[in-house]
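Number of protein chains: 2
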Amino acid sequence: MKILISGGAGFIGSHLCDALIKEKHNVVVVDNLLLGSVDNIGHLIKNDMFIFYQEELLDYESINDIFCKEKFDIVFHLAANSDIAKSLDDPSVDFNNTFLTTYNLLNLMKKHDVKKIVFASTSAIYGDTNKKIVEDFGPLFPVSHYGAAKLSSEAFISSFCENYGMQAWITRFPNVVGERATHGVILDFIKKLRDNQTELVVLGNGEQYKPYLYVKDLVEAIIYVWKNSDEKINYFNIGVESRTKVKDIARMVIEEMGLESAIKYTGGSRGWVGDVPEFNYSLEKIHGLGWKAKNSSDDAVRLSIRKILGKE
Amino acid sequence: MKILISGGAGFIGSHLCDALIKEKHNVVVVDNLLLGSVDNIGHLIKNDMFIFYQEELLDYESINDIFCKEKFDIVFHLAANSDIAKSLDDPSVDFNNTFLTTYNLLNLMKKHDVKKIVFASTSAIYGDTNKKIVEDFGPLFPVSHYGAAKLSSEAFISSFCENYGMQAWITRFPNVVGERATHGVILDFIKKLRDNQTELVVLGNGEQYKPYLYVKDLVEAIIYVWKNSDEKINYFNIGVESRTKVKDIARMVIEEMGLESAIKYTGGSRGWVGDVPEFNYSLEKIHGLGWKAKNSSDDAVRLSIRKILGKE
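For the record, the sequence lines run as chains R and G. Under our numbering, think of the first position of the first sequence as 966, with each following residue one higher. Under our numbering, think of the first position of the second sequence as 966, with each following residue one higher.
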C-alpha cells in the first residue's frame, strides 16, 4: 500500500514511518521541516520503501504534483502546529498549519480520488470540562486555537466523507512523550535545568494531572484503529489510563539529570491560558476494540526523559 | 449601542436590522450582496440609525477600515452561504463564505477590541442522527460542508472567547422561512409551479418532516438570547416544536397559488445528499430561558407562502 504521511519528519510522524515501513508499506513523507527534522528520518532515506519531499502542504500546486506522481492509497495526516501555547497570541499559526493543511489535503484527495484518511486529532477538541470525556462528548468548545483547528479539521473530514464516499479514522491523542519530541514539559524542564541547575521554575502549582502516552504506544494504536475499525467515520480517544502530575515530572527530570535542584511553583491551576489542568479521558472504546497502552504514564515519562537524555 | 450586522442585507439579516433599529440601536450593515439585496434594506437607507456598506467580508483591509471608522460595540455575524445543497460539489463556497468570514471577523474583533459576538449557527452542525438533539449533543459530524463550516466557526469563536476575553451568543437555527428568503423548498415549489402548472416534481418521498421557523420569530429569539443569557459562551437551539412534511408544503403552495397540480415524488428518504430527513431538536433550553415561537411550523409555512406570493 502506498501511504502519504504528512508531517512524517516530525516527532510522531517519524515514529509512524518506522512502524509502517516495518509492515512493508511504501511510505511517502511530505514535511516542510518547520517542526520536523531530517534527523528524525535520516535512517530511512536510503530505504527503497521510503520517499521524502520537503514541501509546504499549503502550497496546493506542489502537493498536487506529488499526488499526480505518487498515486496514494491512503493519507495519514499528522502535519500540524504542535505547540499549543505558542499559538495563543497568533491564531494564524493553528489556522494555517493545523486546519488549512487538512482542508487542502481533503481537496486534493477529492481531486485524486484518494478515499481514506487517518487523522491525528486531539483531546483539545473537548475543551475544559470536569465530565468524563467519552468520544461522543458534547458540547465541543475548545479552549486553544489548536483544539479549534483540529475540531474544524474533523468537521470538514466529516462532510468530505459524507459527500465524496471517503472513509476516515480519527484518533484523538492526549499528551504524547518520547524521543524526537520538539517541545513539551519534559524538554522545557531539561532546558531550564541546563540553564540553571539550582532552581527549576514550574508554571502553575504543579498539580496539573494528565496522562502521558509513550510515542511508540501511540503509533501502535493509530495503526490498530485503522486496521480494526471499518465505519465511514471511526473515532477513538487514544491514551493511557494512568496519569502523572507535573511536579512528579519535575522530580523525575531532576533525578535523571543527576541534580538536586529546588522546585519553585508560579502558582495557579493552569500552566498557561489554554492549558487544561486535569481531565478524565475515557478509553473504554479503544479498550473495547482490543488495544491498551503498554507503558503507564509514569513509565512513559521516565522512559522519555532517559531517551531524550541519551541514557537509553 | 453600535451594532455591526454582517449579511444584514440578506434574508434573516434584514429582518434583524428592522428589529434592532426598532429598539433604537445604531445598525451598520456589511453585505457583499451576493445573496443579500438592497431591496431588503431599501426602507432603511434614509434612516439616521442605519449605515450600509457593500463590501466583501473576506477583504480584510476594507473591513478593517470599517472597524476603524465605526467602533462597534458588538457584532451580529449572519453572513454565510445559505444554500446548503449548492455547495456540495464545491466545498470552497462554504469554506469561504461561511467559515472564513467568521475567522476574519474574529481577528478584526480581536484587533479592534470588540468583545461581543452573536453568531448565527445551525442545526446542521449536529449531522444526521436519530437521537434527541440537545445543545450538548455529541459527536459532531456534520453531513454538509455548510454544517462543517458553521461548526468550524463555533470552534474558533470558542478559542477566541477563551483567549481574548470575548463573549459569544451562539444561536443554532433550524429551517427558517418567510418573506425575503433567497432559496429553500417554498421558493423552489413556487418556481417549479410557475414553469409547469400541471405537475410538481418533489425530490425524495415527501416524508421529510422538519420544523420551519418563521423569520420574525427567529429574529425575536436571537435578540432574546443575547439579552437574557450572560455566560462566556451562550449556546441555544432555536426552533419551533411542531414540524411540517414536505408533501404538506407542496400541498399548501399549490393551494395558495390557486392551482390543482399533481405531485410527483422522485423517491428516497433524502431530497439530496446532505439533507437530513428528520430530526428531533430539543428546545428545552431556550424554553427554559423564557422564549417560545409564536407561529407553529404549519402556520410559518402558510404565512411565508402568502407573504412571498404578495397575498399578505
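Backbone N, C-alpha and C define an ideal beta-carbon position, used for all residues, glycine too.
- The beta carbon of L969 (chain G) lies closer than 6 Å to those of V993, F1037 and V1040 in the same chain, with the five residues before and after it left out.
- The C-beta of G1149 (chain R) has 16 or more other C-beta atoms within 10 Å across all chains shown, which makes the residue buried.
- Fewer than three pairs of CB atoms, one per stretch, sit closer than 8 Å, so the stretch 1149-1158 of chain G makes no contact with the stretch 1110-1120 of chain G.
- Going by C-alpha positions, F1064 (chain R) is about 20 Å away from E1100 (chain R).
- Under the 8 Å Cβ criterion, the stretch 1159-1171 of chain G does not count as touching the stretch 1007-1023 of chain G, having fewer than three qualifying pairs.
- Under the criterion of beta carbons closer than 8 Å, A1085 (chain R) and T1136 (chain R) qualify as touching, at roughly 6 Å.
- With contacts defined by Cβ atoms closer than 8 Å, D1059 (chain G) and N1046 (chain G) form a contacting pair.
- For the stretch 1016-1054 of chain R, the continuous alpha helix (DSSP H) assignments of 4+ residues that do not extend past its boundaries occur at 1025-1035, in sequence order.
- Annotation: G1253 (chain G) to A1186 (chain G) spans about 13 Å, alpha carbon to alpha carbon.
- Taking 8 Å as the upper bound for CB-CB distance, P1176 (chain R) and P1139 (chain R) are in contact here, some 5 Å apart.
- Here N1128 (chain G) is buried: its Cβ has 16 or more other Cβ atoms, across all protein chains shown, within 10 Å.
- Within chain R, the C-beta atoms nearer than 7 Å to that of Y1068 (chain G) come from F1060, in chain order.
- Within the stretch 1136-1200 of chain R, the runs of beta strand (DSSP E) that reach at least 3 residues and sit entirely inside it are, in chain order, 1140-1142, 1164-1167 and 1177-1179.
- Non-local beta-carbon contacts of G1171 (chain R) in its own chain, meaning distances under 8 Å to residues more than five positions away in sequence, involve K1210, V1211, K1212, A1215, I1228 and Y1230 in chain order.
- For V1205 (chain G), no alpha helix (DSSP H) run applies, since DSSP gives it neither H nor E.
- At the C-beta level, V1180 (chain R) and V1141 (chain R) come within 8 Å of one another.
- Between I1122 (chain R) and L1043 (chain R), the C-beta gap is not smaller than 8 Å, which leaves the two residues out of contact.
- Listed in chain order, the non-local C-beta contacts of H990 (chain G) below 8 Å within the same chain comprise M966, K967, I968 and M1014, local neighbours out to five positions each way being set aside.
- Within chain R, the residues whose beta carbon sits less than 8 Å from that of D1101 (chain G) are G1103 and P1104, listed in sequence order.
- Contact annotation, E1221 (chain R) with I1270 (chain R): C-beta distance approximately 5 Å; criterion of less than 8 Å satisfied.
- Proximity of chain G to N1128 (chain R) at the Cβ level (cut-off 9 Å) is accounted for by L1053, D1054, P1056, V1108, S1109, H1110, V1238 and G1239, in chain order.
- Taking C-beta separations shorter than 7 Å and ignoring five residues to either side along the sequence, the partners of N1029 (chain G) in its chain run L1073, following chain order.
- Residue pairing from DSSP leaves N1061 (chain G) without any beta-bridge partner.
- For the stretch 1193-1216 of chain R, the beta-carbon criterion of a distance under 8 Å to any beta-carbon of chain G is satisfied by I1198 and Y1200.
- The alpha-carbon separation between V1218 (chain R) and A1133 (chain G) amounts to approximately 42 Å.
- Within the same chain, Cβ atoms closer than 7 Å to the Cβ of K1080 (chain R) are found at G1130, M1131 and Q1132, the five residues on either side in sequence being excluded.
- Between N997 (chain G) and E1020 (chain G), the C-beta gap is smaller than 8 Å, which places the two residues in contact.
- Remark: C-beta atoms of N1260 (chain G) and L1248 (chain G) do not approach each other more closely than 8 Å.
- Per the DSSP secondary-structure output, G1232 (chain G) pairs in a beta bridge with G:G1169.
- Judged by their CB atoms, L1178 (chain G) and A1258 (chain G) are nearer to each other than the 8 Å cut-off.
- Distance between S1262 (chain R) and C1033 (chain R), taken at the CA atoms: about 42 Å.
- G1092 (chain R) has a beta carbon lying within less than 8 Å of a beta carbon in chain G.
- Annotation: the continuous beta strand (DSSP E) that includes L969 (chain G) extends over K967 to S971.
- By the CB criterion at 8 Å, L1165 (chain R) and S1226 (chain R) fall inside the cutoff.
- Residue pairing by DSSP places V995 (chain G) opposite G:S971 and G:Y1018 in a beta bridge.
- Here K1250 (chain R) has V1099, E1100, F1201 and N1202 as same chain residues with Cβ atoms under 8 Å from its own Cβ, once five neighbours each way along the sequence are excluded.
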